[in-house]
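Asks:
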Amino acid sequence: MKLRGVIHVHSRISYDGHESIARLAEFFRGLGYDFMCMTEHSDGLTPTQMQRIVDECAEVTKDSFVAVPGVEFSCRQRLHILGIGVTEPVDSHDPVPVAQHIRAHGGAVILAHPCAYGAENPDELAVHLHGIEIWNQPKDGKLGPGWKPLKLWKRWRALNPQLRAVGALDLHRLDSPSSLGIEISVANRNPAAIIAALKNGPVKIRGPWVSLSGEHYPGVFGELKLAAMSKGYNALRSLRDALGRH
Ligand SMILES: [Zn+2]
Ligand SMILES: [Zn+2]
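The sequence shown begins at -12 in our numbering and counts up by one.
(1) Flag this pair as touching only if the region 212 to 227 and the region 11 to 31 have three or more C-beta atom pairs under 8 Å; answer yes or no.
(2) Just the residues with CB closer than 5 Å to a heavy atom of ligand 2, in chain order, which are they?
(3) Quick one: what does DSSP say residue 172 is sitting in, helix, strand or coil?
(4) Residues near ligand 1, CB to any non-hydrogen atom under 5 Å, in chain order?
(5) If residue 152 and residue -5 are in contact, beta carbons under 8 Å, what's the gap, nearest whole angstrom?
(6) Decide yes or no for the touch test of the region 62 to 79 against the region 88 to 99: beta carbon pairs closer than 8 Å, at least 3 of them.
(7) In whole angstroms, give me the CA-to-CA distance for residue 78 and residue 69.
(8) Please give me, in chain order, every unbroken run of the beta strand (DSSP E) with length at least 3 that falls completely inside the region 86 to 143.
(9) What are the start and end residues of each continuous alpha helix (DSSP H) run of 4 or more residues lying completely inside the region 18 to 82, in chain order?
(10) Are residue 28 and residue 59 close, meaning C-beta to C-beta below 9 Å?
(11) With DSSP run on the structure shown, which of helix, strand or coil describes residue 12?
(12) Tell me where the beta strand (DSSP E) around residue 197 begins and ends.
(13) Thinking C-alpha only, which one of 180, 62 and 139 is nearest residue 172?
(14) Using DSSP's beta-bridge definition, name the partner residues of residue 153.
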């Protein structure tokens, strides 16, 4: 069956999150989503809080809706790596050992907002990832994926042909919700099946106006369209910033 869900969601367990997991589950279930993947910041996360993520996700998981626990690991080189399905702490801040830690605990490894904060993206990381956010809503806007993350995905697919592209909400509060989600195919509606689909299954990115495959890089015309949308978004943002300064 096909499931629609959102990934990269922060609750108030994260130092900068504002909502409870119960409230988020109610909200996304109300929008017709089947699942949400929590990714709480590793910064300052205590073992008690890690257990809370697991317990609260289990509490809100019902037949019709699944909450998957997870952590967004802060790494060196200004990289953030999502470990979906993993709440075990790791000693390292180096991206490759962190990715290996997530894999060793059965999680899906997704590189978050790869081109934000002046992050460096070492090529040796590519083979350790299951997915890469080509579209992070706060960083890339609601129109379409970011141009730089899209090109990075293209380049890294040569190093890791299994690398999937995803779109992520990176949500911290519910005042600016959007409908950027993903669609996956699963045999069962449970956390393990959702994690397995994020690792190995087909993924489709569904934005408010654009849908695109997470497996196949767009053709020439698709790429042109996405480039235009990304440039349009950046131009609008520059204009907004310029107006905001006066
Ligand atoms: Zn982040
Ligand atoms: Zn985040």
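From the three backbone atoms N, C-alpha and C, an ideal C-beta is built for every residue, glycine too. In this text the structure is predicted, and so the values were computed from the model without any measurement.
Replies: A quick look at the data gives this:
(1) no
(2) 59 and 157
(3) strand
(4) 67 and 99
(5) Not a contact, Cβ separation roughly 13 Å.
(6) yes
(7) 16 Å
(8) 95 to 98 and 118 to 123
(9) 34 to 47
(10) yes
(11) helix
(12) Per DSSP, residue 197 belongs to no beta strand (DSSP E) and is neither H nor E.
(13) 180
(14) 120
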